[in-house]
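Visitor: Quick one: this structure, given as structure tokens, is what I'll be asking you about.
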Ligand SMILES: [Zn+2]
């Protein structure tokens with residue numbers, strides 16, 4: 080207890096020192112137009128007054144306005160001042176009601192201010208304020224000591240150009256006050272090594288990604304670095320008009336997660352990532368050009384691999400930040416019609432293994448996806464049999480067989496009559512670290528004449544007829560008519576899949592698809608010899624996009640045909656379809672081709 084209150088007293092002393100020097104710092108006055116002067120002046124007034132702040136939402140909006148102003152400012156010194164102003168105000172909000180999101184925003188704004196005034200007194204001051212806030216936020220005097228020490232090392236060269244630097248003198252005073260919290264032994268040695276790195280980084284030229292986010296002391300991972308895959312539409316420019324973020328979907332498990340950002344139209348985006356530093360989590364961010372953040376929650380707690388999602392307006396874009404529980408492998412890609420940006424994070428490295436020469440394959444976990452569900456009935460047969468009921472029935476027959484016969488753990492993406500978004504199904508399979516993904520569906524044709532079994536994978540087009548494209552459009556829930564060209568969508572989806580995958584996953588999907596068609600025909604034809612086999616085809620199914628494992632979509636039979644529908648209603652027929660799936664997985668695991 081004694082130690083704790085001593086630590087708190089030390090933090091409070093640091094905070095007082097920081098705020099008093101901040102208040103003493105004069106304002107240089109805005110040089111922009113009238114509206115600009117108003118926001119910055121209002122922010123300054125709120126910092127200097129001792130009167131209570133206006134409602135939180137107003138102050139936060141003002142902070143945002145000043146930050147946007149800063150991002151547009153061409154003069155680096157003025158930019159640094161504006162970021163600092165927004166940071167101080169946001170930190171004040173945090174000190175009043177202790178919402179973590181405010182502290183995190185303030186930390187980023189201080190970092191932006193320090194970047195703008197890199198190597199100068201004002202940069203040192205911004206980093207000093209950031210260090211103190213960081214220690215306060217962690218409620219840890221040792222952490223505060225660490226951050227201040229690193230700031231001192233980062234601005235070591237300032238002592239040469241300005242021997243009387245007030246910032247360095249203040250840091251020295253802080254460090255002297257907090258000397259009781261200085262780490263010792265191996266921890267101190269590690270801190271000194273980190274200091275060496277901070278000093279070196281401070282002298283290095285500014286990299287593009289360091290410009291994008293984070294302090295110079297933070298290890299910056301370029302968006303094209305190892306473990307990062309980014310698939311953006313080729314040659315896409317920022318949208319001409321404003322873009323709306325219509326929805327943000329999220330799924331997060333312990334092993335990974337997915338965030339899907341729905342946009343009102345296609346636009347360009349940039350991706351960056353940062354390791355954990357200064358009390359902040361490892362994070363990945365996407366800047367979406369021309370997007371507005373109006374009506375989108377500023378901060379959403381998620382839990383699991385993705386701790387939270389933050390949204391921040393910028394000059395001509397919106398930044399979406401994912402705070403992660405640890406550094407993760409990242410994949411960011413887009414899906415067309417409607418335009419979405421998908422952010423996948425995973426504790427597991429992407430599949431990079433060379434194709435195995437033969438022999439058994441590892442299959443310990445399988446994701447079985449019962450198509451449709453809830454409000455989405457899928458296709459409906461002539462007598463009213465619903466696809467969603469057939470697929471769930473088959474999935475529930477597969478799971479116990481896999482467990483009993485093959486000792487395989489199964490994930491059902493749904494185990495009852497409930498709607499699960501397509502994006503989330505693959506996300507669950509990824510987080511489950513499934514070795515295979517099988518999506519179960521019932522086929523439908525316009526005339527109702529077609530019958531038989533058909534298996535699909537998401538790969539480059541082999542069949543250029545429009546039939547698979549039409550089925551994919553149906554399963555994707557996008558209108559087949561209108562301006563939409565299903566074949567073009569297929570080609571685009573195949574291109575996304577190929578740029579995402581290593582080639583190995585696509586090759587394995589093909590093998591699984593062939594085995595599934597063969598095993599199903601073997602299972603069905605003894606009793607139903609008239610079953611026709613439509614073979615393996617490729618089409619742009621959304622539900623297969625972004626699967627980290629070999630994935631197939633199984634069109635069991637045509638529910639639109641009266642005879643197939645009556646069979647799909649029978650337990651015996653559905654059991655034979657389930658047997659087909661299980662036998663295909665067995666054959667795949669045994670290394671068959
Ligand atoms: Zn379906």
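Numbering (this note's numbering), first residue to last: 80 to 672.
The C-beta atom is built at its ideal place from N, Cα and C for all residues, glycine as well.
Remember, predicted model here, so these are calculated numbers, not experimental data.
1) Looking at residue 657: is its Cβ nearer than 9 Å to the Cβ of residue 597?
2) So, is residue 418 buried or exposed, given that buried needs 16 or more other C-beta atoms within 10 angstroms?
3) Could you tell me the distance, in whole angstroms, from the CA atom of residue 528 to the CA atom of residue 468?
4) Any heavy atom of ligand 1 closer than 8 Å to the beta-carbon of residue 554?
5) Tell whether a beta-carbon distance below 9 Å holds between residue 328 and residue 554.
6) Taking only the alpha-carbon atoms, compute the straight-line gap between residue 445 and residue 630 and give it to the nearest angstrom.
7) Quick one: does the C-beta of residue 624 sit closer than 8 Å to a heavy atom of ligand 1?
8) Which of helix, strand or coil does DSSP assign to residue 499?
9) Which residue marks the beginning of the alpha helix (DSSP H) containing residue 227, and which one marks its end?
10) Just checking my contact of residue 224 with residue 261 at CB under 8 Å: how many whole Å lie between their CB atoms?
11) Among 488, 498, 282, 622, which has the Cα closest to the Cα of residue 414?
12) Taking the beta strand (DSSP E) that residue 413 falls in, what are its first and last residues?
13) Considering only C-alpha positions, which residue in the set 573, 671, 459, 620 is nearest to residue 647?
14) Please list the terminal residues of the continuous alpha helix (DSSP H) segment that includes residue 485.
15) In whole angstroms, what is the alpha-carbon distance linking residue 340 and residue 276?
16) Taking the alpha-carbon positions, what's the residue 397 to residue 251 distance?
17) Got a sec, what are the start and stop residues for the alpha helix (DSSP H) residue 210 sits in?
18) For the pair the stretch 437-455 and the stretch 358-372, tell me if three or more CB-CB distances fall below 8 Å.
19) Could you check the C-alpha separation between residue 660 and residue 477 for me, to the nearest Å?
20) CB of residue 457 to nearest heavy atom of ligand 1: below 8 Å?
21) Can you pull the DSSP bridge partners for residue 425?
22) Going by Cα to Cα distance, which pick from 603, 247, 572, 158 is closest to residue 620?
23) Consult DSSP for residue 27 and reduce its assignment to one of helix, strand or coil.
24) Below 9 Å between beta carbons: does that hold for residue 234 and residue 281?
25) What would DSSP say about residue 360, mapped onto helix, strand or coil?
26) Hey, residue 331 and residue 400: beta-carbon distance below 9 Å or not?
27) With 16 as the cutoff for other CB atoms within 10 Å, does residue 169 come out buried or exposed?
28) If you count every other CB in all the chains shown that lies within 10 Å of the CB of residue 655, and 16 or more means buried, which is it?
29) Using the Cα positions of residue 204 and residue 409, report the straight-line distance between them to the nearest angstrom.
30) Could you check what DSSP says for residue 299 in three-state terms: helix, strand or coil?
31) Does residue 514 have its Cβ less than 9 Å from a Cβ in chain C?
Guide: Reading it off the structure:
1) As a position in the chain shown, residue 657 is number 578, starting the count at 1. As a position in the chain shown, residue 597 is number 518, starting the count at 1. No, they are not a contact pair.
2) Here residue 418 is taken as the residue at index 339 of the chain shown, counted from 1. By the 10 Å Cβ count, residue 418 comes out buried.
3) The residue you call residue 528 lines up with position 449 of the chain shown. The residue you call residue 468 lines up with position 389 of the chain shown. So the two alpha carbons sit approximately 22 Å from each other.
4) Translated into the one-based positions of the chain shown, residue 554 becomes position 475. It does: the Cβ of residue 554 is within 8 Å (strictly closer) of some heavy atom of ligand 1.
5) Residue numbering aside, residue 328 sits at position 249 when the chain shown is read from its first letter. Residue numbering aside, residue 554 sits at position 475 when the chain shown is read from its first letter. Not closer than 9 Å, so no.
6) As a first step, residue 445 must be located in the chain shown, where it is residue number 366. As a first step, residue 630 must be located in the chain shown, where it is residue number 551. Each residue's alpha carbon lies about 10 Å from the other.
7) As a working mapping, residue 624 is identified with position 545 in the chain shown. Residue 624 Cβ: outside cutoff for every heavy atom of ligand 1.
8) Taking the first residue of the chain shown as position 1, residue 499 is located at position 420. In this structure, residue 499 counts as coil in the three-state DSSP scheme.
9) Here residue 227 corresponds to residue number 148 of the chain shown, with the count starting at 1. Boundaries of the alpha helix (DSSP H) harbouring residue 227: 220-233, taken from the DSSP string.
10) Along the chain shown, read from residue 1 onward, the residue named residue 224 stands at position 145. Along the chain shown, read from residue 1 onward, the residue named residue 261 stands at position 182. Correct: roughly 6 Å between the Cβ atoms.
11) Translated into positions along the chain shown, residue 414 becomes position 335. When each option's Cα is compared against that of residue 414, the closest is 622.
12) Locating residue 413 in the chain shown gives position 334, counting from the first residue. 408-414 is the extent of the beta strand (DSSP E) around residue 413.
13) Within the chain shown, residue 647 is the residue found at index 568, counting from 1. Here the closest residue by C-alpha is 459.
14) Numbered from 1 along the chain shown, position 406 holds the residue referred to as residue 485. Where residue 485 is concerned, the enclosing alpha helix (DSSP H) stretches over 466-485.
15) For the purposes of this step, residue 340 is taken as residue 261 along the chain shown, with counting starting at 1. For the purposes of this step, residue 276 is taken as residue 197 along the chain shown, with counting starting at 1. Rounded to the nearest angstrom, the two C-alpha atoms are 36 Å apart.
16) The residue labelled residue 397 in the question sits at position 318 within the chain shown. The residue labelled residue 251 in the question sits at position 172 within the chain shown. Linking residue 397 to residue 251 through their CA atoms gives a straight-line distance of about 38 Å.
17) Here residue 210 refers to the residue found at position 131 of the chain shown. Where residue 210 is concerned, the enclosing alpha helix (DSSP H) stretches over 200-217.
18) The answer is no - the stretch 358-372 does not touch the stretch 437-455, with fewer than three Cβ pairs under 8 Å.
19) What you label residue 660 is simply residue 581 of the chain shown in a count that begins at 1. What you label residue 477 is simply residue 398 of the chain shown in a count that begins at 1. Going from the Cα of residue 660 to the Cα of residue 477 covers about 7 Å.
20) Locating residue 457 in the chain shown gives position 378, where the first residue counts as 1. Within the cutoff, so yes.
21) Indexing the chain shown from 1 puts residue 425 at position 346. Answer is 335, 408.
22) Locating residue 620 in the chain shown gives position 541, where the first residue counts as 1. Nearest C-alpha to residue 620: 572.
23) Nothing about residue 27 can be reported from this structure: the residues present for the chain run from 80 to 672 only.
24) The residue you call residue 234 lines up with position 155 of the chain shown. The residue you call residue 281 lines up with position 202 of the chain shown. Taking 9 Å as the Cβ cut-off, residue 234 and residue 281 qualify as a contacting pair.
25) The count along the chain shown starts at 1 and reaches residue 360 at position 281. Residue 360: coil per DSSP, three-state reduction.
26) As a working mapping, residue 331 is identified with position 252 in the chain shown. As a working mapping, residue 400 is identified with position 321 in the chain shown. No; because the gap between Cβ atoms is not below 9 Å, this pair is not in contact.
27) Within the chain shown, numbered from 1, the residue matching residue 169 stands at position 90. Flag for residue 169 reads buried.
28) Locating residue 655 in the chain shown gives position 576, counting from the first residue. With 16 or more other CB atoms across the displayed protein chains lying within 10 angstroms of its CB, residue 655 is buried.
29) Here the question's residue 204 lines up with position 125 in the chain shown. Here the question's residue 409 lines up with position 330 in the chain shown. Residue 204 and residue 409: Cα-Cα distance of roughly 34 Å.
30) Working through the chain shown from its first residue, we reach residue 299 at position 220. Confidence is the limiting factor: at residue 299 the pLDDT is only 31, short of 50, which leaves the residue's position unreliable, though a coordinate-based value still follows. If DSSP states are grouped into helix, strand and coil, residue 299 belongs with the strands.
31) Among the chains in the structure shown there is no chain C, since it carries only a single protein chain.
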